[in-house]
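For what it's worth, this note's numbering labels the leading residue of the sequence shown as 5, then goes sequentially.
Below: one structure, written as structure tokens.
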Amino acid sequence: MKPRSLLYSTPAGLYCPQGDFHVDPLRPVARAIITHGHADHARAGHGAVLATAPTLAIMQARYGENFASETQALAYGTPITHRGVEITLHPAGHILGSAQACVRMNGCRIVVSGDYKRRPDPTCTPFEPVACDVFVSEATFGLPVFRHPNDHAEIAKLLRSVAQFPSRTHLVGAYALGKAQRIICLLRASGYDKTIYVHGALQKLNALYESFGVSLGPLAPATTDSKNHFEGAIVIAPPSAIADRWARRFADPVTAFASGWMGVRARAKQRGIELPLVISDHADWDELTTTIAEVNPGELWVTHGEEDGLLRWASLEGISARALSLIGYSDEGESEQSAPA
Ligand SMILES: [Zn+2]
5 MKPRSLLYST PAGLYCPQGD FHVDPLRPVA RAIITHGHAD HARAGHGAVL ATAPTLAIMQ
65 ARYGENFASE TQALAYGTPI THRGVEITLH PAGHILGSAQ ACVRMNGCRI VVSGDYKRRP
125 DPTCTPFEPV ACDVFVSEAT FGLPVFRHPN DHAEIAKLLR SVAQFPSRTH LVGAYALGKA
185 QRIICLLRAS GYDKTIYVHG ALQKLNALYE SFGVSLGPLA PATTDSKNHF EGAIVIAPPS
245 AIADRWARRF ADPVTAFASG WMGVRARAKQ RGIELPLVIS DHADWDELTT TIAEVNPGEL
305 WVTHGEEDGL LRWASLEGIS ARALSLIGYS DEGESEQSAP A
């Protein structure tokens, strides 16, 4: 069986005709496999949705009880067969519940990795390489210039700044799903045991992570009154909030932003970020290339991002590769959610 007849791109996203389902569809469809809960991959309004239990819980928390007409939770590594197509989910190491979707029929196996990374992350199960005929990868950081530093070293920068400026509030911008909880866990792993204050938009997801066994330590809402201006505290908020009126309530804030893009100086400058933290939930160049070499697929399909860099590398390595150029996935996890104060 030719891989291209088992899975191909359509305007609604990657489609499997034999199983009549899409993977991470970009518009409402009858049947969807969802790799993870970020808004650009997990949309509301599908008929039947198959995903891990945490991903379904995230979708329910964000979109409400009726985000799909039917849902089915599938644990990592447990195969199910739908219309002759075997489907398994495998950890992707991106955020809580994130999965690679493996579809298999007549001996042909395609792995759609969704978004992934290879560094240890206490908030999710590590990426698991799965042998396949086709590996479908993103390429957000698919150029050799993108090499993310050690995440513990980035957190150490934040803690040094907190020690250096004890009367200022450290306001850390982090995406509400995944990044915020990872930053909190990294702070805890570095021995920071004080209360961490969080923006209202993070509270539901923090509670959801804790319900799946990710402990975040003492947290409190970042609600100011005339007495508390959070001198010396760490406050975590969605990126949109740190540039907003909301941020003005804090004591002479040091603004930080945790993103893979903070490795690009111009981006940090453009956002007026005083303390850029290069922490990404996406594979950097080395993680992309070592993963593809390790999976050693017959073919590589690249969904979006810096496709040219990765395609060129693949051709030099003798790996047959092509770009799917799917439009609709954003460049770091998700576009910013509108955030209530
Ligand atoms: Zn993502």
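C-beta: ideal position from N, C-alpha, C; glycine also.
Simplified DSSP state of residue i, which is helix, strand or coil
i, result
"G23", "coil"
"C106", "strand"
"V166", "helix"
"A327", "strand"
"A247", "coil"
"Y12", "strand"
"P280", "strand"
"E214", "helix"
"P83", "coil"
"E235", "coil"
"T127", "coil"
"T227", "coil"
"E291", "helix"
"S334", "coil"
"E340", "Residue placement at E340 is flagged as unreliable, the pLDDT there being 42, under the threshold of 50; the coordinate-derived value follows with that caveat. The answer is coil: DSSP assigns E340 none of H, G, I, E or B."
"R316", "helix"
"E90", "strand"
"R66", "helix"
"A260", "strand"
"V268", "coil"
"K6", "coil"
"R253", "helix"
"V299", "helix"
"E311", "helix"
"L60", "helix"
"K273", "helix"
"A345", "With a pLDDT of only 28 at A345, under the threshold of 50, the placement of this residue in the model should not be trusted; the figure read from the coordinates follows. Correct three-state label for A345: coil."
Short Cβ contact (8 Å threshold) for residue i with residue j
i, j, result
"D125", "H42", "no"
"I38", "F25", "no"
"T75", "V53", "yes"
"A178", "I187", "yes"
"E310", "G204", "no"
"Y201", "A167", "no"
"T259", "I277", "yes"
"V239", "A226", "yes"
"D285", "G217", "no"
"P130", "E298", "no"
"M266", "M109", "no"
"A16", "R31", "yes"
"T27", "V138", "The displayed chain sequence assigns Val, not Thr, to residue 27. Cβ distance not < 8 Å, so V27 and V138 don't count as in contact."
"T14", "S141", "no"
"L100", "T127", "yes"
"A255", "T144", "no"
"I91", "L10", "no"
"H156", "L190", "yes"
"I323", "L304", "yes"
"A72", "H40", "no"
"A318", "A325", "yes"
"L60", "A48", "no"
"S165", "L281", "no"
"S171", "G97", "no"
"P243", "L175", "no"
"R66", "D290", "no"
"A358", "L212", "Since the first residue of the chain shown is 5 and the last is 345, residue 358 is not available in this structure."
Residue(s) in a DSSP beta bridge with residue i
i, result
"L54", "I37 and Q76"
"W305", "V140 and R326"
"P95", "A103"
"G17", "T14"
"I240", "V176 and V202"
"V115", "C106 and F139"
Min CB distance residue i to chain B below 8 Å
i, result
"P222", "Protein chains in the displayed structure number just one, and chain B is not present."
Please go through the region 149-209 and give each complete alpha helix (DSSP H) segment of 4 or more residues, from N-terminal end onward. Correct list: 155-168 and 183-193.
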